[in-house]
Structures are given as C-alpha cells and as structure tokens.
Amino acid sequence: MSTKLVPTPGQTVGPFYGYALPFEKDNELLAPGSPGSIRLQGTVYDGAGHTIPDAILEIWQPDAGGNVVQRTGSLVRDGYTFTGWGRGAVGNSGVFTFTTVNPGPTKPGAAPFISVALFARGLTNRLFTRIYLPEDTEALANDPLLSSLDPERRETLIARRDPDGGLTWDIRLQGEGETVFLDFQ
Amino acid sequence: MPEDITAELESEELVPPAEPKAAHQPLDKAIESQADLSAEINAIGETYQRALKDGGLPETQPRLDYPPYRSSILRHPTKSLQHADPETIELYSPAFGHQDVHALESDLTIQHNGEPLGERIIVAGKVLDGDGRPVAGQLVEIWQANSSGRYIHKRDQHPAPIDPNFTGIGRCITGPDGSYRFVTIKPGAYPWKNHLNAWRPAHIHFSLFGTEFTQRIITQMYFPGDQLFPLDPIYQTIVDQDARDRLVATYDHSLTEPEWALGYNWDIVLTGPKRTWTENEALGAEGDEE
Chain A
43 MSTKLVPTPG
53 QTVGPFYGYA
63 LPFEKDNELL
73 APGSPGSIRL
83 QGTVYDGAGH
93 TIPDAILEIW
103 QPDAGGNVVQ
113 RTGSLVRDGY
123 TFTGWGRGAV
133 GNSGVFTFTT
143 VNPGPTKPGA
153 APFISVALFA
163 RGLTNRLFTR
173 IYLPEDTEAL
183 ANDPLLSSLD
193 PERRETLIAR
203 RDPDGGLTWD
213 IRLQGEGETV
223 FLDFQ
Chain B
205 MPEDITAELE
215 SEELVPPAEP
225 KAAHQPLDKA
235 IESQADLSAE
245 INAIGETYQR
255 ALKDGGLPET
265 QPRLDYPPYR
275 SSILRHPTKS
285 LQHADPETIE
295 LYSPAFGHQD
305 VHALESDLTI
315 QHNGEPLGER
325 IIVAGKVLDG
335 DGRPVAGQLV
345 EIWQANSSGR
355 YIHKRDQHPA
365 PIDPNFTGIG
375 RCITGPDGSY
385 RFVTIKPGAY
395 PWKNHLNAWR
405 PAHIHFSLFG
415 TEFTQRIITQ
425 MYFPGDQLFP
435 LDPIYQTIVD
445 QDARDRLVAT
455 YDHSLTEPEW
465 ALGYNWDIVL
475 TGPKRTWTEN
485 EALGAEGDEE
C-alpha cells in the first residue's frame, strides 16, 4: 500500500483566464456541420437569476458509440480526431456553446451523459456535474445517480432536445432550480 | 500561440486608456475597508479553530460559501454536493501529448523578442495522485500577472505597466515522474475591488488534469512569506492553515541557477484515484489494491 496524501486545495479560476485557457476550436469537438455533430448550448445563472459572463466549462464524454476516447490533439484540433474533451468560455450573455456528438451508452442500458467541470470568477473551487441525454427514459430511471435524487432536482441534469437536434442545458449555481453538483470523494 | 498573443498585445483594445488617477479613487462611497473584511475573515477562522478543538475534521478544500470573497455570495451552491460514484467516462481523463504542447511553451520568458522585466524564476515540482503515484504525460497550464502585477487581459484596468515582452501564459506536459518545470517572472501583487485597498498576494494560476476527470483542478500557487496572506479573502477561502500552506511554494536553492534564476518547488497532489488500476496501468507491484 502506498501512503495516502492530502490533496492540494483548489482556488477560483479568477477573472483573467480569458487570455490563457481558451484556444482555437476549444469548443469544437467536431467541426460544426460535420455528420453527426450537434450543438450543445446553455446559459449560466447566479443566485439572483442573472447570467454570469465569466465562467468557463469543460466537457468530457464518450463518442457516439459509447467508447471512452484516449486520443491526444485536443489543443491542436486537426478537424478529424474526436478527442471527447472540449473547453468553452461563456460569452458576455452567459451562454456557452459546444459542437459535439450525442454520447453513446458506455454499457448496454446505461444512461448516456456528458461529464462537466465548471469554473468561474466567484466560484472558489471547480464544480462537477453531468448532462444526461433526455431520450432513454428507462435508462434514466435506472441510473444510480438520478434515482438517488428528488424528481425536481434530477431534472437539472437532463438536457432538453432542441428542434434542430441539439441539446440545451442550463446551469443555475444557486437558488431555485439549483443544478445538482457532484462530490466524488 | 506566441504569434497570436503578440498580435493581441499590440491591439489597442488591450491597452485601456490610462486613467491612473481615476483608478486610485474609491469607486463606491459605501465601499468596505480591509478592517471590515479582516474582521469577517478572522471570525470565520476562530469559529473553525473552535470546531477543530471540539474534534471537527480538518477542511482540506476551500469553502464554496465564503462571504468575505464577495463575488462568491451569489455563485455558490446552497445545497450540499451530491455524492456520486464516478462512472466510466469520469474514471478516465482526456489525453494530451507533445502534439498538443510545444516544449518552448514552458518558458514564459522567450515568447517575445526581448527579455521580460522582473525577477526571473524557475517553478518546478511534481503532480501526484492521492496515492503518491506520479501523474505522467498530463497537461499543466499556468497564467499570471507580470512583475508589475498587471494581467494581459482586456478587463484588467490596473494602471501598472504592461510588459511587451511578457504575456504570462505557459503550458507543459508532465514527465514520466510527474514532473513539470516552468521558467517565468515572479508576478507582482495585484489590486482588486473586493473591498477598498484589496490586494491579491502574488500568485500563479495552475490548471491540472489527473488520470481521471474527477481529479480535475484549477488552483493558485503562492510565494513564501507573503504579508498579504491574512488579508486576502481568496487565499482565506481555505480556512485550514495546513491546507492553505499546501498552496505555498518552497524556495529551493538546488533549483536556483547561478546568474540566471531563483528556484521554487511546488508539488501538487490530486484527489483519488477511484479507478481500480489494471496491471498494465499500475506502476510496480502496488497496482492491485482497491
């Protein structure tokens, strides 16, 4: 057995990540318009219901077949390699956008989801959450996390399907409709 | 990357009209003083100390709800974090490699034509997981203010000089032993508007990935002996002194290079891991534990 070490604390991402963390095509896991690509979008709200302009999200997901991808190249996208990871800063109106694919179930009957890490000025540590696809209601009902939540709260983790095939999923940091955030420890 | 940055640096947008006098005026008559903030910070600290004495467990991470950091008031969840067992995708991390990051990106002093101003430093250490295993081949990103305490960011209005030879962004991929190393300039303290006369201790932002997405973290590294520590509501979001100390680098003369740069050591420990390691992934014989 190795010795357990105490983890280093997190700190807020602060206000000035904008020249450091974003990179070209950071939110394009696939080229927009390519076969199978969808738009994932949403808005980040604070406890007063105001949109917040200084948050940045990362998504990490399996491919359409439910496979966990372990390919490099996210920071220098070649337009062909799906790496499963993307980063998207919200704009001035608090809206984020990704181009990605619908994640597949990682095993038969599992509810497909996208893993999310959220960072913001005023948020003292990153928050984790999940974006579930809305379609497979049986899988959603059997999902261990979702079934542990009150019906009202579990809705915060399920995206809406847009008419164009995309997904909309908002984040509420605080208050009514507060998004469920996760603790893995 | 450096080309883009140079272009950005030279755009007028990034150099706000100099209004040094205006910036020195308190913006709001009702603005709070450092004494007000320090009283709040100390009260929270004392309550925590009492809880510790009464057998409470040490807190190792910042509090999400920490009112002295005013921007956090409307931005912290009020409900407890929901415990979840990480599943599939969360038990893996995105893969980065030398395709993603050029070796020269770890030297923040060579991104322009001239030498940046300030005290040249080397910041080096290791990224480890909670079991002490090195996190190899993973992405480390840093960003920071220049030696005058000014960020290359449109919204930074601090009337300290921009350094045309310093952007303040670095990246590297950790070595097989989890090691990272940056050459940079010691950042200056930075004023902000949390309260009147609020100053951030000098710090470097670090962004880290582990072997699992559950280990993802962004944090800040500080320099030893900074007099601003007790006054800073962001550093103090971590209420435990031992935990706060984990963000402070150590001056390390063995990292210092003669007639070149001062060396600081800072090791980072991530949470977990949660995944059961397979024989292939395990390093040595300790891989079969759960």
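Note that the protein sequences, when read in sequence, are chains A and B. Remember, the numbering used here sits 42 above the position in the first sequence when you count from 1. Remember, the numbering used here sits 204 above the position in the second sequence when you count from 1. Cβ atoms here follow ideal geometry from the backbone N, Cα and C, with glycine treated the same way. This one's a predicted model, so the numbers in the text were calculated from it and none came from an experiment.
Interface flag for B:D446 against chain A is set, since a Cβ pair is found closer than 9 Å.
Not flagged as an interface residue toward chain A: B:R385, since no C-beta distance is shorter than 9 Å. Sequence-distant partners of B:K330 (beyond 5 residues in either direction) whose C-beta falls short of 7 Å from its own C-beta, in its chain, are P338, D381, G382, S383, D471. Ranked by Cα distance from A:A97, the first of A:R172, A:W211, A:P49, A:A159 is A:A159.
Apart from the 5 residues on each side of it in sequence, A:T166 sits with its Cβ closer than 8 Å to the Cβ of G52, Q53, T54 in its chain, given in chain order. Counting along the chain, the unbroken beta strand (DSSP E) around B:N469 starts and ends at 466 to 469. Within the stretch 185 to 210 of chain A, complete alpha helix (DSSP H) segments of at least 4 residues are found at 186 to 189, 193 to 196, given in chain order. Between B:L466 and B:I325, the alpha-carbon positions lie close to 5 Å from each other. Checking the DSSP bridge columns, you'll see B:L343 partnered with B:I377. Residue-level contact by beta carbon holds for B:F300 and chain A, with a gap shorter than 9 Å.
Take B:S310, set aside five residues on each side of it, and the residues of its chain with a beta-carbon closer than 8 Å to its own are G374, R375, C376, Y384, R385, F386, V387, in chain order. Annotated as distal: B:P405 and B:F370, with beta-carbon spacing of 9 Å or more. Here B:E294 carries a helix assignment [DSSP, helix/strand/coil]. A distance of 9 Å or more separates the beta carbons of B:K390 and B:G336.
Residue-level contact by beta carbon holds for A:S190 and chain B, with a gap shorter than 9 Å. Comparing alpha carbon positions, the residue from A:L175, A:L117, A:D105, A:A181 closest to A:L209 is A:L175. Between B:W403 and B:D360, the C-beta spacing is not below 9 Å.
Out of B:L285, B:N401, B:V443, the CA that lies nearest to the CA of B:L256 is found in B:V443.
Proximity of chain B to A:V132 at the Cβ level (cut-off 9 Å) is not reached, the minimal Cβ distance being about 13 Å.
Ranking B:A393, B:H316, B:K283 by CA distance to the CA of A:G217 puts B:K283 first.
The shortest CA-to-CA distance from A:Y59 to any of A:V48, A:G130, A:S79 is the one to A:G130. Within the stretch 420 to 454 of chain B, R420, I421, I422, T423, Q424, I438, T441, I442, A447, R450, L451 place their CB atoms closer than 7 Å to a CB of chain A, listed in sequence order. Taking a 10 Å sphere around the C-beta of B:Q431, we find fewer than 16 other C-beta atoms and assign the residue as exposed. Residue state for B:P395 is assigned as strand, using DSSP reduced to three classes. For A:A153, same chain residues with a beta-carbon under 8 Å away, outside a window of 5 residues either side, are P147, Y174, L175, D178, A181, L182, N184, D185, L188 in chain order.
Residue pairing by DSSP puts A:T142 in a beta bridge opposite A:I80. Across the structure, B:N246 and B:P477 are spaced so that their CA atoms are roughly 35 Å apart.
For B:S284, no alpha helix (DSSP H) run applies, since DSSP gives it neither H nor E. Going by DSSP, A:E100 is part of the beta strand (DSSP E) stretching over 97 to 102.
Inter-residue distance for B:Y296 and B:Q238 is about 44 Å (C-alpha atoms, whole angstroms). Chain B has no Cβ within less than 9 Å of the Cβ of A:P150.
Listed in chain order, the non-local C-beta contacts of B:G318 below 6 Å within the same chain comprise N369, local neighbours out to five positions each way being set aside. For B:L285, at least one C-beta of chain A is nearer than 9 Å to its own C-beta.
Non-local beta-carbon contacts of B:F300 in its own chain, meaning distances under 8 Å to residues more than five positions away in sequence, involve G341, Q342, L343, I377, F413 in chain order. At least 9 Å separates the CB of A:E197 from every CB of chain B.
Between A:T171 and A:L224, the C-beta spacing is below 9 Å.
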